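Novice:
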Amino acid sequence: MVILAALCGSAVKAEEPGYFDIDLAFQTRAFADQGLQGQSRDQPSASIKFSFSRMWDESAQAFTVTPFYRYDSEDDERTHADLRELYWTRLGEDWEFHLGARQVFWGVTEFKHLVDVINQTDLVEDIDGEDKLGQPMAHLSLVRAGGILDLYVLTGFRERTFPGEEGRLRPPVAIDPDAARYESDDRKRHVDAAVRWSQDIGPLSYGIYHFAGTSRDPLFQPALEAGGSLTLVPYYPQIDQTGLDAQLVAGDWAFKLEAISRSGFGERYEAFNAGFERTLVSVLGTRSDLGLVVEYMHDARGEEAFDTLFEQDLALGTRVSFNDMADTQALAGFIVDHETKEHVLSLEATRRLGDRWTMALEGRLFGGTDSLDPDMPTPMLLSSELERSAPLQRDDYVQLEFTRFF
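Numbering-wise, the sequence shown is residues 1 to 406 according to the numbering used here.
#1: Mind checking which residues open and close the beta strand (DSSP E) that includes Arg278?
#2: Would Pro391 pass as a contact of Pro234 if the rule is Cβ separation under 7 Å?
#3: From this set, Leu230, Gln103, Phe157, Phe97, which residue's C-alpha is nearest Ser141's C-alpha?
#4: Please name the residue, chosen from Ile239, Val294, Arg262, Arg278, that lies closest to Ala250 on a Cα-to-Cα basis.
#5: Checking the sheet assignment: what are the DSSP bridge partners for Gln120?
#6: Identify which residue in Ser215, Glu110, Tyr296 has its Cα closest to the Cα of Phe157.
#7: My output table needs one value for Met297: the three-state DSSP class, helix, strand or coil.
#8: Over what stretch of residues does the beta strand (DSSP E) that includes Asp313 continue unbroken?
#9: Using a Cβ-Cβ distance under 7 Å, would Asn323 count as near chain C?
#10: Could you tell me which uninterrupted beta strand (DSSP E) segments, each at least 3 residues in length, are contained entirely in the segment 111 to 181, listed from first to last along the chain?
#11: Can you tell which of Gly100, Tyr69, Glu58 has its C-alpha closest to the C-alpha of Ile22?
#12: Between which two residues does the beta strand (DSSP E) harbouring Ser346 extend?
#13: For Glu401, which of Leu24, Gln61, Tyr19 has the nearest alpha-carbon?
#14: Can you tell me the Cβ-Cβ gap for Gly354 and Arg319, rounded? I've got them flagged as a contact below 8 Å.
#15: Assuming Ile260 and Glu270 form a contact by the criterion Cβ under 8 Å, report the distance between their Cβ atoms to the nearest whole angstrom.
#16: If the criterion is Cβ atoms closer than 7 Å, does the pair Glu166 and Asp75 meet it?
#17: In three-state terms, what does DSSP make of Asp395?
#18: What is the residue span of the beta strand (DSSP E) that Arg54 lies within?
#19: How is Val65 classed by DSSP in three states: helix, strand or coil?
#20: What does a CB cutoff of less than 6 Å around Leu83 pick up in its chain, not counting 5 residues either side in sequence?
#21: Does the beta-carbon distance from Asp373 to Asp337 come in below 7 Å?
#22: Measure the Cβ-Cβ separation of Arg160 and Leu123 and say whether it is below 7 Å.
#23: Which same chain residues, not among the five before or five after Arg170, have their C-beta less than 7 Å away from its C-beta?
#24: Can you look up Ala60 in the DSSP assignment and give me helix, strand or coil?
#25: Leaving out five residues before and five after Ala349 in sequence, what residues of the same chain have Cβ atoms less than 6 Å from its Cβ?
#26: One question on the structure: do Glu342 and Thr369 come within less than 7 Å of each other, judged by their Cβ atoms?
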């Protein structure tokens, strides 16, 4: 969360001729129990992110680079580096062109982003899927009278990162990303494409797009390693996905929708997230603003929706902005499956500590089903009879992160 906030701050500074920032973060996770395979209850780590941007040619051209590195003391797979961004920009009177690795975000809902399809998820960073890997691309944005047309050619597929054997917040059987399989013979060299039209009509903002290429969400296929142990291998199919995101603002109310239709995972299916947020300004006569969030998540595949915990779920959230000098903010959420009663309670909070430090607190509690038995035979850990969130029932955690800005 802190790193994402730093990126947002950097976007404002990018209007200047040039800047250079360093974000150094110290993070620790504390889990309530040992992992299913005896993983540690403590998981300290540190990360560093550089942000450099330079504009020239009367601000018509720019170069941006944002490398990132994390060291994790427990999980070797979470120790990793990534070029979040490395791209050149050329600005015209009514167009923009970007070439290189970039991060592109689409979406309006709070608890899950169905339409955010361009970048691969950096899952070792956080289970919420908000952190993304840089995606190589050529991106042309055309400003038209009615809206904006974005054209993407995506080269160089990025495989999803996964926690390792000593990591937490993972399936009960370890994933082997090095053995990844693809539907396309081109594997990582497959060229993907996307087109998106976005428009504002009074209080309504919407975007509609189509994506064709390698799925960012993998299937998982069981496999035996050389020593005979069971593992999961990611399989990346080819998909066609059409999506819509829309937000209608009416006074203190914001109504939100994300919807997709996707082929490539068996039969074509549809899914949507829909809800609203009501903002109460200066609640109870204080400086604080209170946001009330209600969303419903539906996936037509039901129990066959292997790639999500949220196929028929109701989400309730409360967002508080204290509007103080330290910019203190908090978001509490509760997601429940109304059929299985599985649920997760989450908390995210941030606060500035002076001019150079930020503190971020995060936590999740999982419930509604039994934890897996550590003595259960490995093949049974993959049984379809188990509840989707059963592997996470031992992974309740609190995370604290301090970030120093230079």
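The beta carbon of each residue, even a glycine, is placed where N, CA and C say it ideally should be.
None of these values were measured; they are calculated from a predicted model.
Specialist: On the basis of the coordinates in this document:
#1: On the sequence shown, position 278 is the one that residue 278 refers to. Arg278 -> beta strand (DSSP E) spans 269 to 280.
#2: Residue mapping note: residue 391 aligns to position 391 of the sequence shown, counting from 1. Residue mapping note: residue 234 aligns to position 234 of the sequence shown, counting from 1. Going by C-beta atoms, Pro391 is not nearer than 7 Å to Pro234.
#3: Start at 1 with the first residue of the sequence shown, and residue 141 comes out as number 141. Ser141 has its Cα closest to that of Phe97, out of Leu230, Gln103, Phe157, Phe97.
#4: Working through the sequence shown from its first residue, we reach residue 250 at position 250. Closest option to Ala250, Cα to Cα, is Arg278.
#5: As a working note, residue 120 is residue 120 in the sequence shown. Note: Gln120 sits in no beta bridge, so no partner.
#6: For the purposes of this step, residue 157 is identified with residue 157 of the sequence shown, where counting begins at 1. The option with the nearest alpha carbon to Phe157 is Ser215.
#7: Taking the sequence shown and counting its residues from 1, one reaches residue 297 at position 297. In the structure shown, Met297 sits in a strand (DSSP, three-state: E or B).
#8: Working through the sequence shown from its first residue, we reach residue 313 at position 313. Unbroken beta strand (DSSP E) run through Asp313: 312 to 321.
#9: The chain labelled as chain C is not found in the depicted structure, where only one protein chain is given.
#10: 135 to 143, 148 to 154
#11: Against the sequence shown, residue 22 aligns to sequence position 22. Of the listed residues, the one whose Cα sits closest to Ile22 is Tyr69.
#12: By one-based count along the sequence shown, residue 346 stands at place 346. 343 to 353 is the span of the beta strand (DSSP E), which, as asked, contains Ser346.
#13: In the sequence shown, counting from the first residue as 1, residue 401 sits at position 401. It is Leu24.
#14: For the purposes of this step, residue 354 is identified with residue 354 of the sequence shown, where counting begins at 1. For the purposes of this step, residue 319 is identified with residue 319 of the sequence shown, where counting begins at 1. At roughly 24 Å, the Cβ-Cβ gap does not stay under 8 Å, so Gly354 and Arg319 are not in contact.
#15: Taking the sequence shown and counting its residues from 1, one reaches residue 260 at position 260. Taking the sequence shown and counting its residues from 1, one reaches residue 270 at position 270. Ile260 to Glu270, Cβ: 7 Å. Contact.
#16: As a first step, residue 166 must be located in the sequence shown, where it is residue number 166. As a first step, residue 75 must be located in the sequence shown, where it is residue number 75. Their beta carbons are under 7 Å apart, which means Glu166 touches Asp75 by this criterion.
#17: Within the sequence shown, numbered from 1, the residue matching residue 395 stands at position 395. Coil at Asp395, not helix or strand.
#18: Along the sequence shown, one-based indexing puts residue 54 at 54. Taken as a continuous stretch (DSSP letters only), the beta strand (DSSP E) holding Arg54 covers 42 to 56.
#19: Working through the sequence shown from its first residue, we reach residue 65 at position 65. Of the three classes helix, strand and coil, the one that applies to Val65 here is strand, per DSSP.
#20: Along the sequence shown, one-based indexing puts residue 83 at 83. The answer, listed in chain order, is Pro67, Ala101, Gly134.
#21: Within the sequence shown, residue 373 is the residue found at index 373, counting from 1. Within the sequence shown, residue 337 is the residue found at index 337, counting from 1. No; because the gap between Cβ atoms is not below 7 Å, this pair is not in contact.
#22: Here the question's residue 160 lines up with position 160 in the sequence shown. Here the question's residue 123 lines up with position 123 in the sequence shown. The answer is yes: Cβ separation under 7 Å.
#23: Taking the sequence shown and counting its residues from 1, one reaches residue 170 at position 170. Cβ neighbours of Arg170 beyond the five flanking positions: Phe162, Pro163.
#24: Residue 60 sits at position 60 when you count from the first residue of the sequence shown. Coil, per DSSP.
#25: Counting from one through the sequence shown, the residue named residue 349 turns up at place 349. Correct list, in chain order: Ala330, Leu361.
#26: Against the sequence shown, residue 342 aligns to sequence position 342. Against the sequence shown, residue 369 aligns to sequence position 369. It is a contact, given that the beta carbons lie within the stated cut-off.
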